[in-house]
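Asker: Protein chains in written order, with the numbering used here: chain A, 756 to 1243; chain B, 329 to 813. Think of the CB as a built atom: it goes at the ideal place given N, C-alpha and C, for glycine as much as any other residue. I have a structure I would like to understand better, so I am pasting it below and will then ask my questions one at a time.
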Amino acid sequence: MCTHQHNKNYSRRDFLTKTSLGMGALSMASMLDPMGLFAQNNILQPTPASSGGLSGIPHFPPRVKRVIYLFQSGAPSQLDLFDYKPLLNKMNGQDLPESVRGGQRLTGMTSGQASFPLAGTLFNFKQHGASGAWMSDLMPHTSKIVDDLCFIKSMYTEAINHDPAITFLQTGSQIPGRPSIGSWVSYGLGTDNKNLPEFVVLVTKGKTGGQPLYSRLWGNGFLPSQHQGVQFRSGKDPVLYLTNPPGVDGINRRDQLDHLQKLEKLNHQDIGDPEIIARMAQYEMAYRMQTSVPEIMDTSSEPDYIYDMYGEDSKKPGTFAANCLLARRMAEKDVKFIQLYHQGWDQHGNLPSAIKVQCKDTDQATAALITDLKQRGMLEDTLVIWGGEFGRTNYSQGQLTPDNFGRDHHPKCFTIFMAGAGIKKGITLGATDDFGYNVVQRPVHVHDFQATLMHLLGVDHERLTFKFQGRRFRLTDVHGEVVKEILA
Amino acid sequence: MYRNGLQEGLIQSNSIEFKTLQASTKLMFSLDIVTFFGRFHPLLVHLPIGFLFLAILIELYQGKKVKEKNNQIIAYTWLLGAVSAIIAALFGWLLAESGQYAEDTIFWHRWLGVSLAVIASFGWWTKQNPKQFPKIVNNSITYLVIGLILVEGHLGGNLTHGANYLLVYAPDPIQKLFGEEKKKNAIPQLESIDSVVVYEDMIYPIIARKCISCHNNEEQRGGLNMQQIDLFIEGGENGPVITSGNTAESEIFRRITLPQENEKYMPPNGEPLSYDEIKTLEWWIINGADFEQELTSHQVPEPMQKVIQRLYGLDTQPKPWYESVKIPAVDSLRLKSLVDAGFSIKTLGYENPLLDIKFSGEELSLEKLTKLEDVGENITWLSLAGTDIQDEWVSIISKFPNLTRLELQKTVVSDKSVEFLKALEHLESLNLYGTNVTDSCLSILKNMPQLRRVYLWDSKVTFEKAKALENDKLDLEVEIGVQSK
Chain A
756 MCTHQHNKNY
766 SRRDFLTKTS
776 LGMGALSMAS
786 MLDPMGLFAQ
796 NNILQPTPAS
806 SGGLSGIPHF
816 PPRVKRVIYL
826 FQSGAPSQLD
836 LFDYKPLLNK
846 MNGQDLPESV
856 RGGQRLTGMT
866 SGQASFPLAG
876 TLFNFKQHGA
886 SGAWMSDLMP
896 HTSKIVDDLC
906 FIKSMYTEAI
916 NHDPAITFLQ
926 TGSQIPGRPS
936 IGSWVSYGLG
946 TDNKNLPEFV
956 VLVTKGKTGG
966 QPLYSRLWGN
976 GFLPSQHQGV
986 QFRSGKDPVL
996 YLTNPPGVDG
1006 INRRDQLDHL
1016 QKLEKLNHQD
1026 IGDPEIIARM
1036 AQYEMAYRMQ
1046 TSVPEIMDTS
1056 SEPDYIYDMY
1066 GEDSKKPGTF
1076 AANCLLARRM
1086 AEKDVKFIQL
1096 YHQGWDQHGN
1106 LPSAIKVQCK
1116 DTDQATAALI
1126 TDLKQRGMLE
1136 DTLVIWGGEF
1146 GRTNYSQGQL
1156 TPDNFGRDHH
1166 PKCFTIFMAG
1176 AGIKKGITLG
1186 ATDDFGYNVV
1196 QRPVHVHDFQ
1206 ATLMHLLGVD
1216 HERLTFKFQG
1226 RRFRLTDVHG
1236 EVVKEILA
Chain B
329 MYRNGLQEGL
339 IQSNSIEFKT
349 LQASTKLMFS
359 LDIVTFFGRF
369 HPLLVHLPIG
379 FLFLAILIEL
389 YQGKKVKEKN
399 NQIIAYTWLL
409 GAVSAIIAAL
419 FGWLLAESGQ
429 YAEDTIFWHR
439 WLGVSLAVIA
449 SFGWWTKQNP
459 KQFPKIVNNS
469 ITYLVIGLIL
479 VEGHLGGNLT
489 HGANYLLVYA
499 PDPIQKLFGE
509 EKKKNAIPQL
519 ESIDSVVVYE
529 DMIYPIIARK
539 CISCHNNEEQ
549 RGGLNMQQID
559 LFIEGGENGP
569 VITSGNTAES
579 EIFRRITLPQ
589 ENEKYMPPNG
599 EPLSYDEIKT
609 LEWWIINGAD
619 FEQELTSHQV
629 PEPMQKVIQR
639 LYGLDTQPKP
649 WYESVKIPAV
659 DSLRLKSLVD
669 AGFSIKTLGY
679 ENPLLDIKFS
689 GEELSLEKLT
699 KLEDVGENIT
709 WLSLAGTDIQ
719 DEWVSIISKF
729 PNLTRLELQK
739 TVVSDKSVEF
749 LKALEHLESL
759 NLYGTNVTDS
769 CLSILKNMPQ
779 LRRVYLWDSK
789 VTFEKAKALE
799 NDKLDLEVEI
809 GVQSK
């Protein structure tokens, strides 16, 4: 009997399952194509042969081939950016009625507060574009492109603190250990460009204040490890340990890899651990990335007017604007899932001044990215998502003064927006009550959002599963319904 | 009366209509009283039921030991039953006059009710001195009254609560026992958009549900027969009821959208037309009230898509061409040489025969491009962005009949290529940014029937001409991008 998982090549049960399936597939193939069975190098499915995804995926024609997810870590205040609630200004300073809160739990940061004074926004709201979307004047650039955007104002989540909430949004579970969305996409759909990873992560540099980010957010969980997100850094070494050490040239490196390949093959034949294959795939990818990464990170060929579009920050490596520009370049090279993180939205105090800084960092580049993708015809098959992990409260954390307040975590509603392929343009889905506290129209759960994202990529979220520890797991667990209203 | 004011407000613009309405308001005033009293019928009917059953129960309790005193009590109870049955029948008659119930549905309830009143009176007469009558007469009156009350009560219940009220929550076997007639009247659900004839499959089922009972081959109220298309077109006593393309001039539409109190309102009894049904009729009339047209020849506007989805369970959202093509899938062996030539190939989905092809090799040549001809019919998305493609080579691409998305950006192609591409009748999206195309290609783009999006940024097309094309062809998005200074 096989006792150790790594020593297990094939059990009797595996053998029977696999051979009977194999024979079935073989006879199926010969029925479909009687001559092909004896031909050499027979490709049964074009997908796995060229890109490494799962056969049978996409389940249906994809609307989106790649995703750029601009994650706003810390949770931006929907009430000061998108969700216009004049009632809060009218009732500014009055206590949040208990009937509105309805017993909703509070974080430890405000549960001791004697009162919950409603805090109206200090920023002007206007309607923009033909679609009449409400935006505060914090985001002048994004306001200009609202007719290309799809707002969901009725997002809600289950977690109330950053770590579980961001883990929930990225992996479908509040408890760490599941694969990130990008890993699922990489696992299911494979690559469109063998020289770059399918899943790339870019984190804005120098924004460490507030909530930390950790690599498990773009981790592969129990999926094979080549599907984890690869973080590209600003500076000399975009991907750590990618360059050859001093004294080693490309030919040496190739030789070394070829020999290692042979040894590891023997190793794999011996113990059959799938991680051996995963690691070799990563070695090979790293080798190819030695040329492809410097090429993509070198933005010197971009004309000045493109830099002007993304804003002056875009010339400073590591800023959100520079990362947006890189994201576009990666999308052009068919990287499937490009995840940006921008920290610093966790405004428990001093919200009015802090949010201005955040918007200045992100607004222009976000709008530029969408405009740039649009003019290149890339919104045809690229989806851009902008949003955080939850919303912020309608009452002030700490003292409310005429020109200052803070907002605590609020899971019961928040706003995200999307632009690009497969979704309607210039629409707003869902609504919150007049207090901006509860969702009153078309609630969209995090799992619904994830299901919709997978649907756009041509994947049925219920059918992309991975068996681990005796159970088939999926991104949306046992939940999630595609939000059909926003599909174009 | 507030109702007068309301109606005046509604129809001030039409003086003829106003007069008829005033007349009908007068009539309705008396009708209101009738209806007011009539509505006590459901209350009053419980009295005869109670009294008559009580009488029968007392008789049963007393059994054979007949006493004079007891007989008086029984007779008195029968009297109460008979009198209340007469009153109930009278009020029932009033209620029926209010016109809220179709004659064919209340016929039996009406006359059984009258019979019950008569028989109960006769019962009172016999029970005063039962010994005068043979036992069989006494007994049969009792049983007849029990039977009549049960049947009559059930019919009345059906009228008030609807015919399926009693059984709708019954366990399945019981429902089956009483026959499943309830689906008969529902609007048939449509499976697929193909070969749906708008009138036959969508409009007629509504008419059959709401109009045909009074406008059929046997009975033509107002001289209108809606069962036959030619007679329907001919119209009623006052001429045609449909004016194609104009709902305001179509009598049928005017009638179904009048206030329900109006005596001209259709249907005069039974369930009114639902919002979705009215919307569907409106859409059909506006689109020419054609009796032959198929659904596929219509562009269903978005709000109507939702109505049709609700009413017929049919998804009319136009499917992209690449989801509706039905051709055999490519034998994967044939793709091998393409992969070797540098093409990345993906299928659009597990069950979709079409291919998404991108050139990702080193150098594109005419020879390599020609290889695509082998699977030309199956290519729907093709990207040759940033390749060395030449204008002349594009003639190969123009032979791919199912091409819907073509990416030629960042190549040297010019207007000549666009000339070739006009043969692609399903092309939906064309990317020409960073190419040498000029303003003169715009007139060709304008005439491409399915083209919805074209990308011309960083080409030689001028901003003004691009915007002019967009204004000319409203279903085409022309993306000209930011201008480099």
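If we cut at 9 Å on Cβ distances, does G811 of chain A have a partner in chain B?
Answerer: Here residue 811 of chain A refers to the residue found at position 56 of the first sequence. Closer than 9 Å to some Cβ of chain B, the Cβ of G811 of chain A qualifies, so yes.
Asker: Is the segment 823-843 of chain A in contact with the segment 1090-1102 of chain A, if contact means three or more CB pairs nearer than 8 Å?
Answerer: Output reads yes: the segment 1090-1102 of chain A touches the segment 823-843 of chain A.
Asker: Checking the sheet assignment: what are the DSSP bridge partners for E622 of chain B?
Answerer: For the purposes of this step, residue 622 of chain B is identified with residue 294 of the second sequence, where counting begins at 1. DSSP output for E622 of chain B lists B:V525 as bridge partner(s).
Asker: Taking 9 Å as the threshold (beta carbon to beta carbon), is K793 of chain B in contact with chain A?
Answerer: Locating residue 793 of chain B in the second sequence gives position 465, counting from the first residue. No, K793 of chain B does not count as interfacial toward chain A.
Asker: Express the C-alpha separation of A874 of chain A and Y1150 of chain A in angstroms, rounding to a whole number.
Answerer: Within the first sequence, numbered from 1, the residue matching residue 1150 of chain A stands at position 395. Within the first sequence, numbered from 1, the residue matching residue 874 of chain A stands at position 119. The alpha-carbon atoms of Y1150 of chain A and A874 of chain A are separated by roughly 5 Å.
Asker: Report all residues from its chain with a CB closer than 7 Å to the CB of H814 of chain A; omit the five preceding and five following residues, and keep chain order.
Answerer: Taking the first sequence and counting its residues from 1, one reaches residue 814 of chain A at position 59. Answer for H814 of chain A: G1213, V1214, D1215, R1218, listed in chain order.
Asker: Who does Q1094 of chain A pair with in a DSSP beta bridge?
Answerer: Position 339 of the first sequence holds residue 1094 of chain A. A:Y824, A:V956.
Asker: If you run the structure through DSSP and keep just helix, strand and coil, what is M1133 of chain A?
Answerer: Numbered from its first residue, the first sequence carries residue 1133 of chain A at position 378. In this structure, M1133 of chain A counts as helix in the three-state DSSP scheme.
Asker: Taking all protein chains shown into account, do 16 or more other C-beta atoms lie within 10 angstroms of the C-beta of H1200 of chain A, making it buried, or fewer, making it exposed?
Answerer: Residue numbering aside, residue 1200 of chain A sits at position 445 when the first sequence is read from its first letter. Buried, since its Cβ has 16 or more Cβ neighbours within 10 Å.
Asker: If I follow the unbroken alpha helix (DSSP H) through L314 of chain B, where does it start and stop?
Answerer: Any answer about residue 314 of chain B is impossible in this case: the structure gives chain B only from 329 up to 813.
Asker: Does any CB atom of chain A fall closer than 9 Å to the CB of I717 of chain B?
Answerer: The count along the second sequence starts at 1 and reaches residue 717 of chain B at position 389. No - not a single Cβ of chain A is within 9 Å of the one on I717 of chain B.
Asker: Could you tell me whether the Cβ of H814 of chain A comes closer than 9 Å to any Cβ of chain B?
Answerer: To locate residue 814 of chain A, count along the first sequence from 1; it is residue 59. Judged by the 9 Å Cβ criterion, H814 of chain A is in contact with chain B.
Asker: Measuring only between beta-carbons, confirm whether P817 of chain A sits less than 9 Å from chain B.
Answerer: Residue numbering aside, residue 817 of chain A sits at position 62 when the first sequence is read from its first letter. It does: the Cβ of P817 of chain A has a partner Cβ on chain B nearer than 9 Å.
Asker: Using CA coordinates, which residue listed in B:L758, B:N706, B:G409 is at the minimum distance from W453 of chain B?
Answerer: As a first step, residue 453 of chain B is located in the second sequence; it is residue number 125 there, counting from the start. Comparing Cα-Cα distances from W453 of chain B to each of B:L758, B:N706, B:G409, the minimum goes to B:G409.
Asker: Identify the contact partners of M1064 of chain A in chain B, using a Cβ-Cβ distance below 8 Å as the criterion.
Answerer: Taking the first sequence and counting its residues from 1, one reaches residue 1064 of chain A at position 309. Under the 8 Å cutoff, chain B gives V810.
Asker: Where does S660 of chain B sit, in a helix, a strand or coil, going by DSSP?
Answerer: In the second sequence, counting from the first residue as 1, residue 660 of chain B sits at position 332. In the structure shown, S660 of chain B sits in a helix (DSSP, three-state: H, G or I).
Asker: Does the beta-carbon distance from N950 of chain A to T1046 of chain A come in below 9 Å?
Answerer: Here residue 950 of chain A is taken as the residue at index 195 of the first sequence, counted from 1. Here residue 1046 of chain A is taken as the residue at index 291 of the first sequence, counted from 1. Yes, these two residues count as a Cβ contact at 9 Å.
Asker: Measuring straight from C-alpha to C-alpha, what distance separates S886 of chain A and L1184 of chain A?
Answerer: Along the first sequence, one-based indexing puts residue 886 of chain A at 131. Along the first sequence, one-based indexing puts residue 1184 of chain A at 429. Cα-Cα distance, rounded: 12 Å.
Asker: Please report the Cβ distance between L692 of chain B and L712 of chain B, rounded to the nearest whole angstrom; I am assuming they are in contact, meaning their Cβ atoms lie under 8 Å.
Answerer: For this step, residue 692 of chain B is matched to residue 364 along the second sequence. For this step, residue 712 of chain B is matched to residue 384 along the second sequence. Confirmed, Cβ separation roughly 7 Å.
Asker: At a Cβ threshold of 9 Å, is G984 of chain A touching chain B?
Answerer: Counting from one through the first sequence, the residue named residue 984 of chain A turns up at place 229. No, its Cβ sits nowhere closer than 9 Å to a Cβ of chain B.
Asker: Can you check whether the C-beta of S688 of chain B is within less than 9 Å of a C-beta belonging to chain A?
Answerer: Taking the second sequence and counting its residues from 1, one reaches residue 688 of chain B at position 360. It does: the Cβ of S688 of chain B has a partner Cβ on chain A nearer than 9 Å.
Asker: Return the chain-ordered list of same chain residues with a C-beta closer than 7 Å to the C-beta of F365 of chain B, the five sequence neighbours on each side being excluded.
Answerer: Within the second sequence, numbered from 1, the residue matching residue 365 of chain B stands at position 37. Taken in chain order, the residues that qualify are F419, L422.
Asker: Considering P1194 of chain A, what are the terminal residues of the beta strand (DSSP E) in which it resides?
Answerer: One-based indexing of the first sequence puts residue 1194 of chain A at position 439. At residue 1194 of chain A the sequence reads Val, which differs from the Pro that was named. 1194-1196 is the extent of the beta strand (DSSP E) around V1194 of chain A.
Asker: Going by other Cβ atoms of all chains shown within 10 Å of its Cβ, with 16 needed for buried, is Q400 of chain B buried or exposed?
Answerer: One-based indexing of the second sequence puts residue 400 of chain B at position 72. Q400 of chain B is exposed by the Cβ-count criterion.
Asker: With three or more C-beta pairs closer than 8 Å as the rule, is the segment 1052-1067 of chain A touching the segment 921-937 of chain A?
Answerer: The segment 921-937 of chain A is not in contact with the segment 1052-1067 of chain A.
Asker: On the CB-based measure, 16 or more other CB atoms within 10 Å of its CB, does K991 of chain A come out buried or exposed?
Answerer: The sequence position of residue 991 of chain A within the first sequence is 236, counting from 1. So K991 of chain A counts as exposed.
Asker: Could you tell me if K908 of chain A is buried or exposed, where buried requires 16 or more neighbouring beta carbons within 10 angstroms of its beta carbon?
Answerer: If you number the first sequence from 1, residue 908 of chain A lands on position 153. Burial call: buried.
Asker: Does L677 of chain B come within less than 9 Å of chain A when only Cβ atoms are used?
Answerer: To locate residue 677 of chain B, count along the second sequence from 1; it is residue 349. First, the residue type needs correcting, since residue 677 of chain B is Gly and not Leu in the sequence shown. Chain A, which has a Cβ nearer than 9 Å to the Cβ of G677 of chain B, makes this yes.
Asker: Any Cβ of chain B within less than 9 Å of the Cβ of G1132 of chain A?
Answerer: Stepping through the first sequence from its first residue, residue 1132 of chain A is reached at position 377. Chain B, which has a Cβ nearer than 9 Å to the Cβ of G1132 of chain A, makes this yes.
Asker: If we ignore side chains and look at the alpha-carbon of each, how far apart do L371 of chain B and I580 of chain B end up?
Answerer: On the second sequence, position 43 is the one that residue 371 of chain B refers to. On the second sequence, position 252 is the one that residue 580 of chain B refers to. Cα to Cα, the separation comes out at about 38 Å.
Asker: Exposed or buried, R856 of chain A, counting other C-beta atoms within 10 Å across all chains shown (16 or more means buried)?
Answerer: Counting from one through the first sequence, the residue named residue 856 of chain A turns up at place 101. With 16 or more other Cβ atoms within 10 Å, it is buried.
Asker: Taking the runs of the beta strand (DSSP E) that are 3 residues or longer, which of them lie wholly in the segment 1102-1162 of chain A?
Answerer: Qualifying beta strand (DSSP E) stretches, in chain order: 1137-1142, 1146-1151.
Asker: Is I361 of chain B helix, strand or coil by DSSP?
Answerer: The residue you call residue 361 of chain B lines up with position 33 of the second sequence. Three-state result, I361 of chain B: helix.
Asker: Relative to the C-alpha of S898 of chain A, which residue among A:C1114, A:Q1130, A:R1084 is closest?
Answerer: Within the first sequence, residue 898 of chain A is the residue found at index 143, counting from 1. It is A:C1114.
Asker: Within the chosen definition, does the segment 492-506 of chain B reach the segment 443-459 of chain B through at least 3 CB pairs nearer than 8 Å?
Answerer: Taking 8 Å as the limit for Cβ pairs, the verdict is that the segment 443-459 of chain B does not touch the segment 492-506 of chain B.
Asker: Along the chain, which unbroken stretches of the alpha helix (DSSP H) at least 4 residues long are found entirely within the segment 673-744 of chain B?
Answerer: Within the segment 673-744 of chain B, the complete alpha helix (DSSP H) runs of at least 4 residues are 694-698, 722-725.
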